[in-house]
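Notes follow once the structure below has been shown.
Residue numbers (the numbering used here): 1 to 313.
This is the structure we're talking about:
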C-alpha cells in the first residue's frame with residue numbers, strides 16, 4: 001500500500017526544474033502576500049510571523065522515509081502551500097537534505113523575508129533560490145501582490161539585492177505579468193531596472209496559465225511575453241509549460257492525485273503525464289473525487305483544470 005505523507009508531495013513536473021519533490025512547511029495559503037494571480041487561491045492567513053508552523057522533526061522523518069525509498073527526482077523543492085521562509089526552522093530542513101542527499105535543493109520564495117539576516121543565512125543553504133518581483137513601487141506592489149500591511153516594496157528589493165551579494169548558488173528572478181495590470185512596456189522597463197540591481201542568474205517571465213486567485217486576472221500571449229522579455233538585459237526567458245522527464249514511477253491513487261491538486265490546479269492531461277496513466281483511468285479518479293466533493297473543475301481559456309475544494313487540508 002502506498003505510503004501517505006503529510007508534508008512532502010510528488011515528484012511532480014515543474015516548469016523550471018523537471019521532476020520536483022515538494023516539501024510543504026505551512027498550512028494552506030499561509031503567506032506574507034495575497035497575489036491576485038496565485039494558483040492556490042486567496043491567502044487565508046496573511047502573516048509575517050516566523051514560527052514553527054508544522055513540526056520540523058515530522059518533516060525530517062518523512063524526508064528520511066522518502067530518501068530511503070530510492071525514488072528518483074531531479075530536485076527537492078521547498079514550496080507548497082505558502083511562503084516557506086515563514087517557517088522559523090526551514091534552514092534545518094535544508095541542512096538535513098544537504099547532509100543526506102546529493103539532489104539539488106530549490107527554495108521557492110517570494111523574497112519578502114530576505115531583509116532578515118537569519119533568513120538569508122538559511123536560504124543560502126539551497127542550490128537554487130527563486131525570488132519574485134512583479135511590481136516597481138509600493139502602489140503596484142499593492143495592486144499585484146497585496147502584501148501584509150507591514151511589508152514595504154523597498155524592503156523587498158533591498159532583501160533580494162543583499163541576498164544576491166551573499167549567495168553563491170544560482171538565483172532566479174520570476175516576474176509574473178498580468179494583462180493590463182503590470183504588463184505595459186513602460187512599467188515592465190521599471191521592473192527590469194530593479195532586476196539589474198538584483199543581478200539574478202536568470203530572469204523568468206510567467207503569466208496566469210492556471211486558474212488564478214482572482215477572476216479578473218488575464219494571461220499574456222506568448223508573443224506578448226516574447227516582446228516584453230527583450231526589455232530585460234540580458235533578455236528574460238519565458239517559463240515553458242512543462243520540462244524534464246516523465247514521472248513513470250509515481251503510483252496513482254486518490255490520495256496522491258488529491259495531494260497534487262491541493263498544491264496546484266492540473267488538467268486531466270497533466271495528471272495523466274505525472275502518473276503515466278491513460279486518460280480513461282484519470283477520468284475515473286477525477287469522477288470519484290468530484291462526486292465526493294473533494295475537487296472542483298475550473299475552465300481557463302480552452303482547458304479545464306481541477307483543484308482541491310476549499311476547506312481541504
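We put the CB at the ideal spot given by N, CA and C, even for glycine.
Simplified DSSP assignment, three categories, for residue i
i           : result
residue 304 : strand
residue 173 : strand
residue 288 : helix
residue 77  : strand
residue 248 : Reliability fails at residue 248, whose pLDDT of 45 lies under 50, so the model's placement of it is uncertain and the value that follows must be treated cautiously. In this structure, residue 248 counts as coil in the three-state DSSP scheme.
residue 214 : coil
residue 280 : helix
residue 299 : strand
residue 205 : strand
residue 198 : helix
residue 239 : coil
residue 183 : coil
residue 334 : Residue 334 lies beyond the range of the chain shown here (1 to 313); nothing can be said about it.
residue 101 : coil
residue 114 : coil
Residues bridged to residue i (per DSSP)
i           : result
residue 128 : 106, 170
residue 20  : 12, 75
residue 30  : 45, 82
residue 267 : 305
Neighbour-count burial assignment, residue i, 16 or more Cβ in a 10 Å radius
i           : result
residue 115 : buried
residue 207 : buried
residue 34  : buried
residue 307 : buried
residue 89  : buried
residue 193 : exposed
residue 130 : buried
residue 216 : exposed
residue 159 : buried
residue 78  : buried
residue 360 : Only positions 1 to 313 of the chain appear in this structure, which leaves residue 360 out of reach.
residue 174 : buried
residue 185 : exposed
residue 291 : exposed
residue 234 : exposed
Contacting residues, own chain, Cβ-Cβ under 7 Å from residue i (five flanking each side not counted)
i           : result
residue 38  : 212, 213
residue 300 : 210, 211
residue 128 : 104, 106, 169, 170, 172
residue 136 : 187, 190, 191, 194
residue 100 : 67
residue 138 : 152, 153
Interface flag, residue i vs chain D, CB-CB below 8 Å
i           : result
residue 147 : In the structure shown, chain D does not exist; there is a single protein chain.
Residues near residue i by beta carbon distance below 6 Å, same chain, minus five either side
i           : result
residue 314 : Residue 314 lies beyond the stretch modelled for the chain, which goes from 1 to 313, so this question has no answer here.
residue 269 : none
residue 163 : 114, 120
Own chain, CB closer than 8 Å to residue i, minus 5 neighbours either side, in chain order
i           : result
residue 4   : 255
residue 125 : 91, 94, 95, 98, 105
residue 30  : 43, 44, 45, 47, 53, 81, 82, 83, 86
residue 200 : 131, 164, 171, 172, 173
residue 183 : 177, 220, 224, 228
residue 304 : 267, 268, 297, 298
Q | Complete runs of the alpha helix (DSSP H) confined to the stretch 130–179 [at least 4 residues] | A | The stretch 130–179 contains these whole alpha helix (DSSP H) runs: 138–144, 153–166.
Starting from the N-terminal side, write out each stretch of the alpha helix (DSSP H) that is 4 residues or longer and does not extend beyond the stretch 32–94.
-> Counting only runs of 4 or more, we get 56–69.
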